[in-house]
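Here's the structure we're looking at; comments come further down.
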Amino acid sequence: MINSSADSLLIDIQQLSFQYPGAEQPAVDSVNLQIERGALFGLLGPNGAGKTTLVSLIAGLYKPQAGQISIDGQAVYAGQRAVAVVPQEYAFYGQLSAMENLAYFAGVLGMTGVDKAQAIAAAIHVAGLIEVAQRRADTYSGGLKRRLNFAIGVLRRPKVLILDEATANVDPQSRAFLLDTIRELNREGVTIVYTSHLLDEVQQLCHSAAIIDGGKLLRQGTMQELLHPQEKTALEIDLDRPPSSDLLERLQCQLQGTQRLHWPQWRALNGLSTLLATISSGGYQVQSIHYGGQSLENLYLTLTSRALRD
Amino acid sequence: MFLASLKKELLLVSRDLHALLVLFAMPVVFVLIMSLALQEDFSSRGGVSLAGWYLNESSDDEAIELQDHMNGHPQLQMSTATDDWRVQLTDGEPLFVLHIPENFAQAFSDSPGEIRLTLYFAPDAGTRERLLVEAAVKQAFVRVNLQAFLASAGMLGDDSDISDFMRDDVLAIEHLNRPGEVAAQAPTSVQQNVPAWLIFAMYFIVIPIATTFVQERQQKTLSRLKMMGISAWSLYGAKLLPYMLLNLLQLALMLVVGVHIVPLLGGQALNLDVSFGGLLVMTLAVSVSALGFAALVATVVRTPEQATIVGGTSNIMLGAIGGIMVPTFIMPPVMQSVAMISPMSWGLEGYLDILLRGGDWRSVIWEAGVLTAFGLTMLLIAITFFTYKRE
Chain Z
216 MINSSADSLL
226 IDIQQLSFQY
236 PGAEQPAVDS
246 VNLQIERGAL
256 FGLLGPNGAG
266 KTTLVSLIAG
276 LYKPQAGQIS
286 IDGQAVYAGQ
296 RAVAVVPQEY
306 AFYGQLSAME
316 NLAYFAGVLG
326 MTGVDKAQAI
336 AAAIHVAGLI
346 EVAQRRADTY
356 SGGLKRRLNF
366 AIGVLRRPKV
376 LILDEATANV
386 DPQSRAFLLD
396 TIRELNREGV
406 TIVYTSHLLD
416 EVQQLCHSAA
426 IIDGGKLLRQ
436 GTMQELLHPQ
446 EKTALEIDLD
456 RPPSSDLLER
466 LQCQLQGTQR
476 LHWPQWRALN
486 GLSTLLATIS
496 SGGYQVQSIH
506 YGGQSLENLY
516 LTLTSRALRD
Chain P
3 MFLASLKKEL
13 LLVSRDLHAL
23 LVLFAMPVVF
33 VLIMSLALQE
43 DFSSRGGVSL
53 AGWYLNESSD
63 DEAIELQDHM
73 NGHPQLQMST
83 ATDDWRVQLT
93 DGEPLFVLHI
103 PENFAQAFSD
113 SPGEIRLTLY
123 FAPDAGTRER
133 LLVEAAVKQA
143 FVRVNLQAFL
153 ASAGMLGDDS
163 DISDFMRDDV
173 LAIEHLNRPG
183 EVAAQAPTSV
193 QQNVPAWLIF
203 AMYFIVIPIA
213 TTFVQERQQK
223 TLSRLKMMGI
233 SAWSLYGAKL
243 LPYMLLNLLQ
253 LALMLVVGVH
263 IVPLLGGQAL
273 NLDVSFGGLL
283 VMTLAVSVSA
293 LGFAALVATV
303 VRTPEQATIV
313 GGTSNIMLGA
323 IGGIMVPTFI
333 MPPVMQSVAM
343 ISPMSWGLEG
353 YLDILLRGGD
363 WRSVIWEAGV
373 LTAFGLTMLL
383 IAITFFTYKR
393 E
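Quick mapping for you: the protein sequence lines, in order, are chains Z and P. Number 240 in the numbering used here belongs to position 25 of the first sequence; there are no gaps in the numbering. Number 102 in the numbering used here belongs to position 100 of the second sequence; there are no gaps in the numbering.
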């Protein structure tokens, strides 16, 4: 968990719960979450885990049924200037150009005159849309649409920018552009909350992250804390073929995939030679050995289980 | 925000060819077609010309006189029947056949017996046509009968004619369109059709409104706007008010078509010597009712396809019930009562109060009030539904 001073804490969520009418279980269940000012924060979870609901609550779209959320010490509400959300969907008008879309949303945000013109120009520049700004958005590629979606989100430079699957269905060039832009905004002081299913992307991009499932917060921390926990040092050995159940029993390990042996808590490095000898005696060859940490994907699958979701 | 929304909605509509066709081209076409098609029907019925045949088996003078009177009728075109008249009649050519029996003169004797004139009508003869022909035949028979009576009474000289005793000018016809003021001419078909199809077109804003609203909901644009702090009332207001402007543009277009385009095609021009204040009040009231209805449809449908089908179908039903397609005055009493549930019926009554009966804004307060109440109620239901429905 992040231990922050009051000054560095930007988003503070305490015992937050929300249940949709008619639903059997809460979409967000007693969540405590703290996000530091200037963080680049990953929010992870399977489909239906409660990410979008949590984001909607932070953005003030829904009112908490229990608990509280504050941003910079103030309770959240819809239309708060501090927060901007870039939804996963292309939430703009395809029949309008980028310029017309930005002009409309700037008008909705109450911008006028020079401020409005400057904000539109800056958003177009940030999203790299200058050459296509006058073209109808429904003629854009997926990458351009993502960038326009993003540009609308940064029209009014917020304290917190929430990005929901911001790089879904885009080519590597647009993804790299968007990730660089996000890092640049973060360097300029914008706190980023980034939800994604692309775990490698989150691992590379974010400084800290939280994993939620079933509406509950399962784990939160910096990437270092999540991937290299002192109390948990995983050992993984990839074999040349699937191991027998007899071998798994003798090694007292878990099987990941078809031929990866996994020890979630391996502390005794000096026992490694014995372990390798046991593998070799079974006629198996070692392809690779991983020790001293785990991937975000492993942590994610361990925490949320491998069961398929809707 | 309103200006931004106004510009956005106008851009969206201007780039939606289907919406433009429905909102502007469709009512113009309807007005032109219906005004020209019904022109004769409204022009004091004087243009009606019904084809009839004689099947005359009598050579009596009375039969010839009857034919003469029928020939002189301004709305009948009479000629002699062919041998295959039964086949021709069932094919609709002519509309009727008048059979004059061989011993027709006996009908005027002291013992007329069973002498009968017989009218055969084509299958497609309408009630109004049948009544007109029946009246013409009875009138001709009365004339022949009267002439025979006067002659037998010695009251007709050799040079006298029954027409000297018949005063066709005894009936004067005036059109009291305005209270206390006699109009120069009868209401024209364009005077009736312009408001009817204007209302119909105004209600078709339901399709572009509902379609864009559903798309905004599906693409989470609505959620984005809500997160930007727009209240439900502002959201609906900003979306609907631009369409009120479009409704006013529709009014202007329809008036231009009625005044300038219909005459170019041979129809009578729309008479605009009416209360413009009344027209404006009625147009705003119909617009409010259409916008409220559109807001409700937009809120309850889930897909653009549903928006098009539900919006279009409900409009056509409201139009059919409300007297847009079939005037309520020819409906049976039960259907006239049913028509009252359609807001289009209230709108049409209000417009006719102004365009036909010379009313002003005070004359249409009741209709405008009902329409406004209807629209606001629909809007309230829509916003309530929207507020408590999970996006």
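From the three backbone atoms N, C-alpha and C, an ideal C-beta is built for every residue, glycine too.
Under the 8 Å criterion on CB atoms, Z:Gly-325 is classed as interfacial with respect to chain P. Closer than 9 Å at the C-beta level to chain P, one finds these residues of the segment 296-316 of chain Z: Arg-296, Val-298, Ala-299, Val-300, Val-301, Pro-302, Gln-303, Glu-304, Tyr-305, Ala-306, Phe-307, Tyr-308, Gly-309, Gln-310, Leu-311, Glu-315 and Asn-316. Taking a beta-carbon distance threshold of 8 Å, Z:Tyr-319 counts as an interface residue toward chain P.
Inside the segment 258-325 of chain Z, DSSP marks whole alpha helix (DSSP H) runs of 4 or more residues at positions 266-273 and 313-323, from first to last along the chain. If the five residues before and after P:Leu-68 are omitted, its C-beta is found closer than 7 Å to the C-beta atoms of Ile-102, Ala-142, Phe-143 and Val-146, all from its own chain and listed in chain order. Within the segment 265-286 of chain Z, Ser-271, Ala-274, Gly-275 and Leu-276 place their CB atoms closer than 8 Å to a CB of chain P, listed in sequence order. With respect to the C-alpha of P:Ala-153, the residue from P:Phe-110, P:Val-172 and P:Gly-115 having the closest C-alpha is P:Phe-110. Our two residues, Z:Tyr-308 and Z:Ala-342, have alpha carbons roughly 17 Å apart in a direct line. For Z:Gly-322, the closest Cβ of chain P is nearer than 8 Å.
Straight across, the Cα-Cα distance linking Z:Trp-481 with Z:Arg-475 is about 15 Å. Residues of the segment 221-233 of chain P whose Cβ lies closer than 8 Å to any Cβ of chain Z, in chain order: Gln-221, Lys-222, Thr-223, Ser-225, Arg-226, Leu-227, Lys-228, Met-229, Met-230, Gly-231 and Ile-232. According to the DSSP secondary-structure assignment, Z:Asp-461 is paired through a beta bridge with no residue.
Under the 8 Å criterion on CB atoms, P:Lys-241 is classed as non-interfacial with respect to chain Z. Closest by C-alpha distance to Z:Ala-242, out of Z:Ile-427, Z:Ala-332 and Z:Ile-250, is Z:Ile-427.
At least one C-beta of chain Z is nearer than 8 Å to the C-beta of P:Ala-6.
The three-state secondary structure of P:Gly-260, taken from DSSP, is helix. By the neighbour-count criterion, in which 16 or more other beta carbons inside 10 Å mark a residue as buried, Z:Lys-278 falls on the exposed side.
About 7 Å separates the beta carbon of P:Ile-263 from that of P:Leu-34, a gap short enough to meet the 8 Å contact definition. At the C-beta level, P:Ala-309 and P:Ile-209 come within 8 Å of one another.
Taking C-beta atoms as the reference points, Z:Asn-247 and Z:Leu-432 count as a pair closer than 8 Å. Judged by their CB atoms, P:Leu-293 and P:Gln-252 are not nearer to each other than the 8 Å cut-off.
The beta carbon of P:Val-312 sits closer than 7 Å to the beta carbons of Val-299 and Val-303 from its chain, once the five residues preceding and following it are set aside; these are given in chain order. Think of a sphere of 9 Å around the beta carbon of P:Arg-304: no beta carbon from chain Z falls inside it, the nearest being about 16 Å out. Scanning its chain for C-beta atoms nearer than 6 Å, with the 5 sequence neighbours on each side dropped, one finds no residue around Z:Leu-413. Interface criterion not met: the Cβ of P:Met-333 is under 8 Å from no Cβ in chain Z.
Annotation: Z:His-505 to Z:Gln-234 spans about 41 Å, alpha carbon to alpha carbon. For the pair Z:Gly-368 and Z:Val-300, the CB atoms are nearer than the 8 Å cut-off. Between Z:Val-501 and Z:Leu-454, the CB-CB gap stays under 8 Å.
Following the DSSP letters along the chain, one finds Z:Asn-247 in no alpha helix (DSSP H) but inside the beta strand (DSSP E) bounded by residues 243-251. The alpha-carbon of P:Met-72 is positioned some 7 Å away from that of P:Leu-78.
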